[in-house]
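Each residue of the first sequence is one higher than the one before, starting from 3 at the first, in this note's numbering.
Cβ coordinates follow ideal geometry from the N, Cα and C atoms, glycine included.
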Amino acid sequence: MQPYWAAVNNAILQVTRLYGFRRIDTPMFESAALFEKGSGDTTDVVEKEMYVFQDRGGEDLALTPEGTPAIARAYLEHGMGSWPQPVRLYTTHPMFRYDRPQKGRYRQHTQFDCEVIGSSDALVDAEVIELLWRLYGLLGLRNLQVRLSSIDDPGPRRAYTERLKEYYRPHLGQLSEDSQRRFERNPLRLLDSKDDRDLPFKEAAPKLVEQLSDPAAEHHAIVQDALAASGIPVVIDPLLVRGLDYYNRTVFEIVPADDERAQGTLGGGGRYDGLMEILGGPPTPAVGFGSGFERLILEMQRNAFELEVPEVADVYVVHRGEGSARSAFRLAGELRDAGLATVTGDSGRSMKSQMRSANASGAKVAAIMGEDELARRSAVVKDLREGGQQEELPLGAVAGRVRELLQPG
RNA sequence: GCGGGCGUAGCGUAGUGGUUAACGCGUCUGGUUGUGGCCCAGAAGAUCGAGGGUUCGAACCCCUCCGCUCGCCCCA
Numbered sequence: 003m004q005p006y007w008a009a010v011n012n013a014i015l016q017v018t019r020l021y022g023f024r025r026i027d028t029p030m031f032e033s034a035a036l037f038e039k040g041s042g043d044t045t046d047v048v049e050k051e052m053y054v055f056q057d058r059g060g061e062d063l064a065l066t067p068e069g070t071p072a073i074a075r076a077y078l079e080h081g082m083g084s085w086p087q088p089v090r091l092y093t094t095h096p097m098f099r100y101d102r103p104q105k106g107r108y109r110q111h112t113q114f115d116c117e118v119i120g121s122s123d124a125l126v127d128a129e130v131i132e133l134l135w136r137l138y139g140l141l142g143l144r145n146l147q148v149r150l151s152s153i154d155d156p157g158p159r160r161a162y163t164e165r166l167k168e169y170y171r172p173h174l175g176q177l178s179e180d181s182q183r184r185f186e187r188n189p190l191r192l193l194d195s196k197d198d199r200d201l202p203f204k205e206a207a208p209k210l211v212e213q214l215s216d217p218a219a220e221h222h223a224i225v226q227d228a229l230a231a232s233g234i235p236v237v238i239d240p241l242l243v244r245g246l247d248y249y250n251r252t253v254f255e256i257v258p259a260d261d262e263r264a265q266g267t268l269g270g271g272g273r274y275d276g277l278m279e280i281l282g283g284p285p286t287p288a289v290g291f292g293s294g295f296e297r298l299i300l301e302m303q304r305n306a307f308e309l310e311v312p313e314v315a316d317v318y319v320v321h322r323g324e325g326s327a328r329s330a331f332r333l334a335g336e337l338r339d340a341g342l343a344t345v346t347g348d349s350g351r352s353m354k355s356q357m358r359s360a361n362a363s364g365a366k367v368a369a370i371m372g373e374d375e376l377a378r379r380s381a382v383v384k385d386l387r388e389g390g391q392q393e394e395l396p397l398g399a400v401a402g403r404v405r406e407l408l409q410p411g
């Protein structure tokens, strides 16, 4: 899988540069309280998926289940509020969630995370979505769709939640068990149900995104307009709800349009203007997203992404005979000095074995050094690609000849 | 956390109660004197996911756990 990982890392490097992001690395574990407060202690991620342990001092620590609170913590702790705003940060980081693993869902996965902290501009929301879209494009992903919604600000959302509960209350007995539980704990999730019993009520339920407060509506309109301007296909999904407490206004996911898999979501995020205050900092608007490497790679495979698989070596040094090991070692060193990727055959093995290995390694050239060559301070340079022509050269001329042979054309 | 399927050499598979678990690919070694790719021959490689149980006898039946996988919950 390493070539895929390299391709993803490479694309991330490109795209973060294009958008002016700087890298940050946060620890693999944090105080458990950070996520309980930041992500929300009734969210599934914290309540039933977080790996928590006590250290020797009795402090509760957690393996990071998600990146945003950790970066927010670092922003506050290191006084980034005094930097020119907004601060654009990205990371690639292992995330841990206790769960029953399956394809596309692992107990440890790696997330690409981007956060823009210190701007309430709706254009920034569109910009991070575009960044992620561009990344996926670089990785050859097609047929993707941005699912977008707004969940307003906390005040209007509370008012809406009350309206939603009033709507559902008379039908409570007819809802699925899950939905009855959601009614009290997380009413927005009622709209997310896939249970047949809930569907008729879901259809006619009031939708938050259709009755936003004026500031949130304006914000939402700007995001949509900007994305339309850059030609990104956006579907407004009134039922899109995210599983973390800190979001407000913009929420989004990017999913394959043609894949009904349960674990299909490639990346998602949104605005979280309230998080900094929850963590004890000054009011600081922010927006960001996370995207999982493993799901990205699954999707790259589905799209038959063409990888550049580098050859293991340019030259394979074959040697045989009394005292040849030292000279072969030296020759390999000189080839590497000349910038050539070089692998040396095993000293004990026959020439035939070493030639077989040379062939299997994908090396284009073999430098062969037997007893005769050793005596003459020379080596045979053999082109392994087509005809297999070979010529004997003084040791000092080997690297130069190999470089000539490797010249394209 | 919930429900279903699967788990045999490095990889892909066969074998579903009875003597030394099979095949393909891969690996290694050879096919005469120092040369790859094709071919041929031989070899190595498996506590049959782990532990317990039933049986004269278990890869095969039962239980528990672990892993993979599909769906749900949720999410990346």
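Whose CA, out of 354, 409, 269, 107, lies closest to the CA of residue 131?
Along the first sequence, read from residue 1 onward, the residue named residue 131 stands at position 129. Nearest of 354, 409, 269, 107 to residue 131, Cα basis: 269.
By Cβ distance below 7 Å, which residues in the same chain neighbour residue 395 in space, the five residues on each side in sequence not counted?
Stepping through the first sequence from its first residue, residue 395 is reached at position 393. So the qualifying residues of the chain are 380, 381, 383, 403.
Closest Cα partner of residue 111 within the set 294, 392, 224, 365:
Mapped onto the first sequence, residue 111 falls at position 109. Nearest option by C-alpha distance: 294.
Which residues share a DSSP beta bridge with residue 250?
Residue 250 sits at position 248 when you count from the first residue of the first sequence. In DSSP, residue 250 forms a bridge with 273.
Roughly how far, in whole angstroms, is the beta-carbon of residue 14 from the beta-carbon of residue 91, given that I think they are within contact range, below 8 Å?
In the first sequence, counting from the first residue as 1, residue 14 sits at position 12. In the first sequence, counting from the first residue as 1, residue 91 sits at position 89. Beta-carbon to beta-carbon, residue 14 and residue 91 are separated by about 13 Å, too far to satisfy the 8 Å threshold.
Shortest alpha-carbon distance to residue 43 belongs to which of 93, 64, 23, 58?
Position 41 of the first sequence holds residue 43. Here the closest residue by C-alpha is 64.
Same chain, Cβ closer than 6 Å to residue 349, neighbours up to 5 away in sequence not counted:
Here the question's residue 349 lines up with position 347 in the first sequence. Cβ neighbours of residue 349 beyond the five flanking positions: 327.
Can you list the alpha helix (DSSP H) stretches of 4 or more residues lying completely in the region 137-191, in chain order?
List check, alpha helix (DSSP H) in window: 156-170, 179-187.
If you count every other CB in all the chains shown that lies within 10 Å of the CB of residue 145, and 16 or more means buried, which is it?
Here residue 145 is taken as the residue at index 143 of the first sequence, counted from 1. Classification of residue 145: exposed, given that the 10 Å Cβ count is below 16.
For residue 281 versus residue 317, is the C-beta spacing smaller than 8 Å?
As a position in the first sequence, residue 281 is number 279, starting the count at 1. As a position in the first sequence, residue 317 is number 315, starting the count at 1. No, these two residues do not count as a Cβ contact at 8 Å.
Any contact of the region 96-107 with the region 71-80, i.e. 3+ C-beta pairs under 8 Å?
no
For residue 363, does the three-state DSSP call read helix, strand or coil?
Here residue 363 refers to the residue found at position 361 when the first sequence is read from its first residue. It is helical.
Rounding to the nearest angstrom, what Cα-Cα distance links residue 196 and residue 188 in this structure?
As a working note, residue 196 is residue 194 in the first sequence. As a working note, residue 188 is residue 186 in the first sequence. Cα to Cα, the separation comes out at about 16 Å.
Strictly by DSSP, which residues pair up with residue 280?
Reading the first sequence from its first residue, position 278 is the one you call residue 280. Note: residue 280 sits in no beta bridge, so no partner.
According to DSSP, simplified to helix, strand and coil, what is residue 194?
Taking the first residue of the first sequence as position 1, residue 194 is located at position 192. Helix.
Taking its Cβ as the centre, do 16 or more other Cβ atoms sit within 10 Å of residue 86, making it buried, or is it exposed?
One-based indexing of the first sequence puts residue 86 at position 84. Label assigned to residue 86: exposed.
Using only CA atoms, which one of 359, 253, 234, 261 lies nearest to residue 222?
As a first step, residue 222 must be located in the first sequence, where it is residue number 220. The residue with the shortest Cα to Cα distance from residue 222 is 253.
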